[in-house]
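Residue numbers (this note's numbering), protein chains in the order written: chain B, 1 to 299; chain U, 1001 to 1734; chain C, 2001 to 2427; chain H, 3001 to 3207. Backbone N, C-alpha and C fix where the C-beta goes; we use that ideal spot for every residue, glycine too. First the structure, in the form of structure tokens, and then the observations on it.
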Amino acid sequence: MAKKEYAFYPGCSSQLKASASNYLTSVNSMCKTLDVKLTEIPDWNCCGASIGYAEGGELPRIAINARNFALAETHLPGQDIVATCAACWLGARESKDRLDENSVLMKETNEALAAAGLHYKAEVKVRHMVEVLIEDFGYDELKKPVKKPLEGVKFAGYVGCQTNRPFGIAGESFENPKYLDKMVETLGGEPVESYDQKVTCCGGALAFSEPDKSQKQIRDIVESAYDHGAEMIVTPCPLCQANVEVYQSEINKKQGTKFNMPVLYYSQLMSVAYGGSMKDAGLDGQLIRATRLEEIAKK
Amino acid sequence: MSEMKTAAYICAGCGIGDKLDVAQMEKVAQKEGKMALVRRHDFLCSPEGVALIKGDIENEGVSHVVIAACSRRAKTEAFDFPTVAMSRANLREGVIWIVAEGAEHDEVRQEMAEDYLRMGCAELKKMKLPAGNPNKADNKTILVVGGGMAGMTAALEAAETGYQVVLVEKTGELGGWAAKLWKRVPFRQPYREAQETGVAELAARVGAHPNIKIHLNSVIASTSGAPGRFNVELAQESGATTTLTAGAIIQATGASNYDIARLPELGGGLANVVDQAGLEALAKAANGQPIKRADGREVKSVVFVQCAGQRDEGGAHLSYCSGHCCATSIKQAMYFKDANPAVDTVVMYTDLRVPGMGEDFYRSAQEKGVIFTKGRASGVTAAGDVCKVNFRDLILDEEVSLDADLVVLATGQVPNSGVNIDLADDDPAKAQQVSILNLNYRQGKDLPQLTHGLTDSHFICFPYETRRTGIYAAGPVRRPMDLLQATEDATGAALKAIQAVENANIGRAAHPRVGDLSYPMVRLEGCTQCKRCTVECPFGAIDEDERRFPVFNESRCRRCGTCMGACPVRVISFENYSVDTVGNQIKAVDIPDEFSEKPRILLLACENDAYPALDMAGLAHHTYSAFVRAIPVRCLGSVNTIWITDALNSGYDGVMMMGCKHGENYQCHFVKGSELATYRMSKIDDTLKQLGLEVERVASYEVAITDNARVAALINDYAAKIVEIGMSPMKGFG
Amino acid sequence: MKASIATNQTILVVGGGIGGMTAALEAAECGKQVILVEKNPTLGGRTALLYRYFPKMCHPTCGLEINLRRLKGNRRLRVLTQAEVTEVSGRNGDYTVKLKLSPRYVNENCTACGECALAVSGQMPNPYDYGLSQIKLAYLPHAMAYPQRYVLDPAIIGTADAEKANSACKYGAIDLAMKEETIELKVGSVIWATGWKPYDAAKIQPYGYDRFANVITSVEFERLADPHGPTGGKLLRPSDGAPAKNIAFIQCAGSRDENHLRHCSRICCMASLKQTQYVREAYGDDCKSTIYYIDIRAIDRFEDFYRKVQQDPTVGFVKSKVARIAQNENGSLILHGVDTEGYHRYATEHDLVVLAIGMEPEANGIKLPDDIVVDSSGFIEGSKDGGQFGAGAAASPTDVNRSVQSATAAALRAIQVVHKTAAVEVA
Amino acid sequence: MSAHNSQAVERYRNDFLREVEERVEEGQWVKMCMQCGVCAGSCPFGPHWQHSPQKLFMMIRAGKRQEVLSSDSMWMCTSCYNCVVRCPRQLPITHIMHGLASYAHRLGLAPKSQPTREFATMFWNNLAKKGRVNELKLTLALYFKDGLVSGIKTALGMQSIGLGMVKAKRLNPMEILGGHGLKDLKGFHAIIAKAREIEDKKKGLVS
């Protein structure tokens, strides 16, 4: 019997061989150490993401999220839904909040769910993995299993948008959230607290449609990390991770910069600090290798 | 008080004993000060010290006391001897804290202290304990002029406090502006919906109140007298007259709407363009149903134009903001939305001004669908059956025009202030103005006005200090305001009126010298009927009799002494403050000879701001010249030029005067005192020339109470200046 | 002060700022017995910490001086400092009030000679400069402090400084054994003039008050301008003491914002307009003030002042709620936002940013009797039984003039309450 | 002019605000804006907005239907929620922007070649098909949206990344043959269909 159990909502990007599969890998390793049991919501569907709005409309987007809730309530009763992807968490949390405060919407949604023989009872809670770590464990608990402190490595904690606004982590400010810095400290690393692009939008949602505009955002984010002496960027969001990591080469090509800044998930840091191998931590999934972490992992 | 027995008490505490030769000072008090009793104490403000003084008063029959210790502003609770005349020599803040440290300064420090002691003794000899004004005025009825919200509130509040009230209203019914309203802006939680005006209920309560007598269709034909003894003549519409007496007056004559006809460019005069009063009338007629225009057509679209003829930079219309109009338009827009949500209501504003909880009212209107457009209307014209409003949308940055069934112009409030007494009598504007109070005061028929015809008190901390004691303006007559503020204001005015009658009843001064029992006394036999006192009194307290002699109305008087300063023959004085009490101090100072290189500088400091500033300079240990001798005065306006000439004649090397800021934003507590002083001093140059003295030997300064560092600097610069121009040649002649 | 002098004919005024002093004085000058309680060691409240008043640019201490003189001359008025109301029971006309008196450690013997302050070395952030300066642990709050007696901060008790202060006093004025005490009063009516407090600027995260040294509040700016203040009246940047010549004033800092204060604080626009004139006073034409606003609320005659400031070439206006502030390497601040009059984007650098901070009822921090009715922002409307009243900035966000007006009105209402009780008693 | 559009014009005449309130997601908030402009200043893509959110709200109140619905601005929303958390009136600005965009798209008034409009549409269709996003197909679809030639260009341009992703096992070439999908796809589609039906009926968007 695991210490804690949750209904897991990995989301499209965290599936096997998807853009954030290394996130999934590291989360699994992290949870193993923390004795957390994640059970995937059977047959979960996409959250629609914020970008789904144009074609999706309002009720369909809410309904497909409600489908996941209903499935969780039926198959994993009593367990909180935990998402690792910022967009999934936001999409789900937003849908849930609106349903809970609007009875009309609730009625209509269940009408739609009925088409698939499902019903949402408004019992389940929707949380982000970071919330679980901070609220259900706490920094002290998270520190205990640390075997290989990330000594001497400077991390810029890049929180981005959707894990931060409009809900964010309880007790954190929208403009200057400190939890990533605290986590880095907990793991023995060096947070770059003065990092001023913490909550800048990476333009992720428009990365494909407006590459130049969003790449300017990414450039600011990476540049500032360098300026403040960071060696790596750490983030809780797969879209941020992908965009900020993937487009560095593009930016270098277009603008002659020499960016080569690894971008990792908090879970990868934890996995390594907890003694996980390079593979456990999904470091092999980096386009820009996090050499210093790999060294620590190999130790 | 039978015969005078003087006593001097010298404190050696707070370092006075260490820095000064107190024994020497005791001698000065005995030999020069001629004090019957001289005592020294190491801690005079201690219970023992105070007991010592009290004992002497009770057992030794001491009637006059000099306290040579700290500033008159300090330790007032300890040195509180209501039965004796008292002067205080300021040895702490005035000497040891401001004279530079070190033995080389011992001599001048001691001289300074001794002089202050001499001055205290000299002043004391001319002081009497004020016996109180014998001409008490005991009428306690409150007269309220104006039967609108403010007037009715003032009347009711005074009556509820147990005072008799006479309420005079020029029309045939109570209610004023508020009675014309369909509903009023919310004045308490929740600030979401318009509320009932409650005017009818209020009028009923006023009408039924046993302490209130109402005169409708009446105006005031004449007002004479003073607080506690006003005689008022009422003229009824019918032509009949009534006379009545009152102790205080509250003028709550309200405001009129700015004339919409003066705004033709905004459609003033067009059939379907109304002002806020006009809209209230339509709303009343609709009685909760959809609002119809004059032509009976239901209004489907309405535009409210804010600041119509207000906040006008061109000078053609009102330059001020009337404060209530934004909330009023919001309320009126709700009239439409509540009756029919489909009505298009646009409020066109430049700055939406709904302070405090008004923000909730604003939100509520938005929730109801009222549209707020930041725009400036350039013109309103009739276009067939509708009005065309042309305006610049300041957000979209474009010229737009909008059709509306009805346009409401939010025009402002014009105070009903009566006659502007500051206008010249031949000014045509004055001719058209109708007096409200018809005061038979020497200085004019109505309350003085400030800007824009408002009879506002000028003071921020003391909103009720009008320049006519016992007459208080309340409501929009003194400042544009909404109903809520008007009722607050009226309640406050009622309290001040009550104070006024109580003060008059015991012959006591009103603000700011509350409780002062002294009052101006005049030796008419010496008076030359020059009228300076009657003209210069900032409070219009002095009338003239048929022989042009001044007639003092003590209960109008604020005890500033401006009349005393004005009098060329020095026949006006107060028992505890007179030409002599100050003159004696000036003479008491020991003037070293010309070759001593110890100049003496007289400093006449206003007790309200300058003297406290000197005190605080002491508290902060800013050092300044030990050659200066400071005398607090009630107001620079009370400074009689004789003091200056006497000082110069008796060998002072210079005279400094420190008073409050004057001019547009004057800070003089007696309105014109410091200004008059400056004016009078400008005339003194000739005198100086006659005496063969440099004009620099008399200088006056505006200082603020916060200028503690600055006063020290001013004194030092002036002392330097005196050294530069040399010692006075007058020494030894005075 | 003996509690016994209080009867149900007594009026209790809670709060010794301009509103409370006014209510107390006006009632006492009508012949009523009044007790004025203030939780700080001195009267004067927040206005005593202002440099000048709008629109006259006159000095708050000027009015304070007059009020203190009125107070010193009035035998019906009793003042209790460091006193807090902990409980009100009873009813209209007959209340029993519990007061907590905190020790001052200095008794009536104090002559304000200042020897104790010279003797001690311990310091604390000066609450009368909003912490912008340090003050000794034995201190006189400010030059206008009343009662004019020194105070020992509790932090000094048990330290060597306490003994130093004690032995430095020649007048037996220091009493280290003083203890907190509770007293009970009978009063007929209560006026709540508990005033306001600046909203916690750190909560307005986009403006970085907690991150950037050169972002300060309007009340702090008053202290900078005040010759008695931490900089002796010089407008200097906290970060490096450099002259602040290019200053941004951000309106509605906390006010009109459902994330912070729902209400409009009424005074902030005028306060900022006034403060631009401090800048001009300090630097003449060699300065720039920029006001970022949503609506300029210069009501009634204040419009004249607004116009005067508009005509000042050193003052600019931008109709915009600033979106966020960033700091550059020299400590200057970049304001990002959009001027909504015609949609112009800006990123403007300023030496110093002054947040026109909103007014929150001080009463939000204290426990009021259950009978008291407050509005959605916590401003006091009064008690249901009609025997207690809100006055001044405790009743609504007001400037001094309106606060005095409201306090005068409250005084009369309180007088009516005690009159009625008196009437009942004789009957 | 699309049927939906002509029908809307007919139904609401000039009352664009009412149209927005009834048909646009969170549209009932538009009237609550007080024109402070904090949203305009908070947007990361701000400089690229021809009309800032607050200005769009003003335009809606001013009845500028055509200009608003054909505007390119709301398509610039990156869903960063900066405006939402700073708005002093707590307007859900992000959603209103999405709502406006989606409504304009639905009426066929949105700029035809608006890239975000195209991507957003593809994205939804992609996820709606299988219930989960097929990243590879999505990417390719995107590259080839303007036809083969330019598609190959972009694809080659991004080749290094693509290969990198594949190497890093974060992009699966095999997805082209299907990839992740739902078991109960039928139910999933039924839900979407039903939801759309209810919404359209409610908003009067049935044609």
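The beta carbon of A1473/U lies closer than 7 angstroms to those of Q1251, L1447, T1455, T1466 in the same chain, with the five residues before and after it left out.
The region 1587-1596 of chain U and the region 1161-1181 of chain U do not touch, with fewer than 3 CB-CB distances between them shorter than 8 angstroms. Counting along the chain, F2302/C sits inside the alpha helix (DSSP H) bounded by residues 2302-2310. Counting every other CB atom within 10 Å of its CB across the protein chains shown gives V3206/H a total below 16, marking it as exposed. Between R2076/C and Q2033/C, the CB-CB gap stays under 8 angstroms. Contact of I1395/U with chain H by beta-carbon distance below 7 angstroms involves Q3035, K3055, M3058. A direct Cα-to-Cα measurement between P1632/U and M1657/U gives close to 10 angstroms. Here the alpha carbon of F1361/U sits roughly 17 angstroms from the alpha carbon of V2374/C.
Inclusion of C2252/C and K2321/C in the CB contact set at 8 angstroms is warranted, their separation being smaller than that value. Neighbours of A2326/C in chain B, taken as residues at a C-beta separation under 9 angstroms, are given in chain order as D196. Of all C-beta pairs linking the region 2153-2169 of chain C to the region 2216-2230 of chain C, fewer than three are shorter than 8 angstroms, placing the two stretches out of contact. Put simply, of E1702/U, D1646/U, L1124/U the residue whose alpha carbon is nearest the alpha carbon of K1731/U is D1646/U. Between V2400/C and F2249/C a beta carbon distance of about 20 angstroms is seen, past the 8 angstroms cut, so the two are scored as non-contacting.
Counting only runs of 3+ residues, the beta strand (DSSP E) found wholly inside the region 36-121 of chain B occupies 36-40, 81-83, in chain order. Across the region 165-180 of chain B, CB contacts with chain C closer than 7 angstroms involve S173, F174, E175, N176, in sequence order along the chain. Sequence-distant Cβ neighbours of K1445/U in its own chain, meaning closer than 6 angstroms and more than five residues away, are V1419, S1435, N1438, L1439. With a minimum length of 4 residues, the unbroken runs of alpha helix (DSSP H) contained wholly in the region 1319-1387 of chain U fall at 1325-1339, 1358-1367.
In terms of Cβ geometry, R2237/C and R2266/C do not form a close pair [threshold 8 angstroms]. Within 7 angstroms of the CB of I3198/H, the CB atoms of chain B belong to L59, E108, E111, A112, in sequence order along the chain. Taking the CA atoms as reference points, S249/B sits about 10 angstroms from L287/B. Along the length of the region 1091-1179 of chain U, whole beta strand (DSSP E) runs at least 3 residues long occupy 1142-1145, 1165-1168, reported in chain order. For I2299/C, the nearest CB of chain U lies under 8 angstroms from its own CB, placing it at the interface with that chain. Counting only Cβ-Cβ distances below 8 angstroms, R2345/C has no contacts in chain B at all, with the closest Cβ about 15 angstroms away. Going by C-alpha positions, Q1449/U is about 31 angstroms away from N1211/U. Between V2037/C and chain U, the shortest Cβ-Cβ separation is not below 8 angstroms. The C-beta distance from V1347/U to Q1306/U rounds to 7 angstroms, short enough to fall under 8 angstroms. When Cβ-Cβ separations below 8 angstroms define contact, D2257/C makes contact with chain H. Three or more Cβ pairs closer than 8 angstroms define a contact, and the region 1176-1186 of chain U falls short of that threshold against the region 1217-1230 of chain U.
Secondary structure of A2112/C (DSSP, three-state): coil. Close CB contacts of C3043/H within its chain, under the 7 angstroms cut and outside five residues either way in sequence, are with W3049, N3082, C3083 (chain order). Per the Cβ contact rule, the region 146-158 of chain B is in contact with the region 273-289 of chain B (3 or more Cβ pairs under 8 angstroms).
By the rule that beta-carbons nearer than 8 angstroms mark a contact, A3062/H does not touch chain C. Around the CB of A1342/U, fewer than 16 other CB atoms lie within 10 Å, so the residue is classed as exposed. Note on M1127/U: 16 or more other CB atoms within 10 angstroms of its CB, so buried under the neighbour-count rule. For P2397/C, there is no enclosing beta strand (DSSP E), as DSSP gives it neither H nor E.
The beta carbon of G189/B sits closer than 6 angstroms to those of L150, V153, F155, all from its chain and outside the five residues before and after it, given in chain order.
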